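Right, one structure below, let's go through it.
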Amino acid sequence: MPTPPPPTSLDVTIDVILFCFSANHPLFNPSQSSTWSSNGQSFSLQYGTGSLTGVFGYDTVTIGGITISNQEVGLSTNEPGTNFVYAQFDGILGLAYPSIAAGGETPVMDTMMQQGLLQANVFAFYLSQNEAQGSEVTFGGVDQSRYTGSIYWTDVTSETYWQIAINGRCSFVISLYLNLNHYIIDCNNLANMPTISFNINGMNFPLPPSAYTIVKNQNGQQYCTSGIMGTYLPSQNGQPLWILGDVFLRQYYSVYNRQNNSVGFATAA
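Using full-length UniProt numbering, you'd call the opening residue of the sequence shown number 1 and step up by one each time.
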């Protein structure tokens, strides 16, 4: 019997849809996988930063030692433009609710829950402020070394994205894949800039200017840009959604609980 090829290792960013694989990155060849199957169902997706088309299939997926059998995945076969070509990741791992999954496919978190692979039906994120240190996603529990104090919880308001209410009114979606820094800031004015505070279920989560300002050096010159910008994400009721992206999540450890559909935040260690 021939020896099966080793598993394909891919770096994925966390989002709300599925895997996708593009040129100039490590590629997955389904013909070399003894566990791959597909009925040829195709799909197309439009992202804020690009689009793609591809085909759905099933295979064994391993994440941090957790082996998920017969997981539905989407293989990208066509990606117009260069947005994904130069991206610093090979694919996208969707962790939102199945109600918005492309093609009605089952997200990886739901498959892990169905197969009883987790001690608890939760996952959590620690986003490092130091790129060299690296960030962390935990499935099945939390990493207590990554936060300090208590975790404060709030209910999910719509089982689509991880959507919550802030200040009792506005709807916010939590997303890690957001790196849009366009507004120029006077680096000498940081001390005069306000602290922005988000009230989530009665608890205030402040962001000082140092948290929402990105300081960079180019050709010996220092310049500052804002980590907060205007964008638009449509919702089912037509009201705009705000996005809590990496600026907020680098300050606060976040926990996503599918057991009781809630999100928790704690001060990041």
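Where a beta carbon is used, it is the ideal one built from N, C-alpha and C, also for glycine. These numbers were taken from a predicted model, which means no experiment stands behind them.
Would you mind sorting residue i into buried or exposed? The rule is 16 or more other CB atoms within 10 Å of its CB.
i: Tyr253; result: buried
i: Glu131; result: exposed
i: Pro107; result: buried
i: Gln251; result: buried
i: Val85; result: exposed
i: Met203; result: exposed
i: Thr92; result: Residue 92 is actually Ile in this sequence, not Thr. Answer is buried; the Cβ neighbour count reaches 16.
i: Asp186; result: exposed
i: Tyr183; result: exposed
i: Gly57; result: buried
i: Met229; result: exposed
i: Ala87; result: buried
i: Gly64; result: exposed
i: Gly245; result: buried
What residue does the beta strand (DSSP E) around residue i start on, and which one ends it?
i: Phe84; result: Element bounds for Phe84: n/a, residue is neither H nor E.
i: Ala132; result: Element bounds for Ala132: n/a, residue is neither H nor E.
i: Thr267; result: 262-268
i: Ile63; result: 50-63
i: residue 271; result: Because the chain here runs from 1 to 269, residue 271 falls outside it and cannot be looked at.
i: Val122; result: 122-126
i: Gly91; result: 91-94
i: Val255; result: 252-257
Can you give the beta carbon distance from residue i to residue j, rounded, assuming they're within the 8 Å contact cut?
i: Ile243; j: Ser175; result: 5 Å
i: Leu75; j: Phe28; result: 7 Å
i: Val215; j: Gln221; result: Between Gln221 and Val215 the Cβ distance is about 11 Å, and since that is not below 8 Å, they are no contact.
i: Ala124; j: Asp143; result: 7 Å
i: Gly103; j: Gln46; result: Actually they do not touch by this definition, with Cβ atoms about 14 Å apart.
i: Thr53; j: Asn78; result: 5 Å
Taking 8 Å as the limit between beta carbons, can you name the residues of its chain near residue i, skipping five residues before and five after?
i: Asn261; result: Asp155, Val156, Glu159
i: Cys170; result: Trp242
i: Leu190; result: Pro209, Ser210, Thr213, Cys224
i: Ser69; result: Thr35, Thr60, Gln115
i: Pro194; result: Pro209
At which residues does the alpha helix (DSSP H) containing residue i begin and terminate?
i: Phe248; result: 246-249
i: Asp110; result: 108-114
Within the same chain, show all residues whose beta-carbon is closer than 7 Å to that of residue i, passing over the 5 residues directly before and after it, in chain order.
i: Trp162; result: Ala96, Val156, Val173, Ile174, Tyr256, Val263
i: Gly81; result: Gly50
i: Gly116; result: none
i: Tyr126; result: Ser135, Glu136, Asp143, Arg146, Tyr253, Ala268
i: Asp59; result: Ser33, Thr35, Trp36, Gln71, Val73
i: Gly149; result: Ala266, Thr267
Enumerate in chain order the residues of its own chain whose CB-to-CB distance from residue i is below 6 Å, with the five nearest sequence positions on each side excluded.
i: Ile196; result: Leu207
i: Phe247; result: The sequence as given places Val at residue 247; Phe does not occur at that position. These residues qualify, in order along the chain: Tyr212, Gly227.
Would the C-beta of residue i count as close to the ligand NAP, meaning under 7 Å from any of its heavy atoms?
i: Tyr212; result: As for the ligand NAP, it is missing from this structure, which has no ligand bound.
**Request:** Could I get the ranges of all uninterrupted beta strand (DSSP E) runs contained in the region 154-227, with 3 residues as the minimum, in chain order?
**Result:** Secondary structure remark: continuous beta strand (DSSP E) runs of at least 3 residues inside the region 154-227, in chain order: 162-166, 170-174, 196-200, 203-207, 213-218, 221-226.
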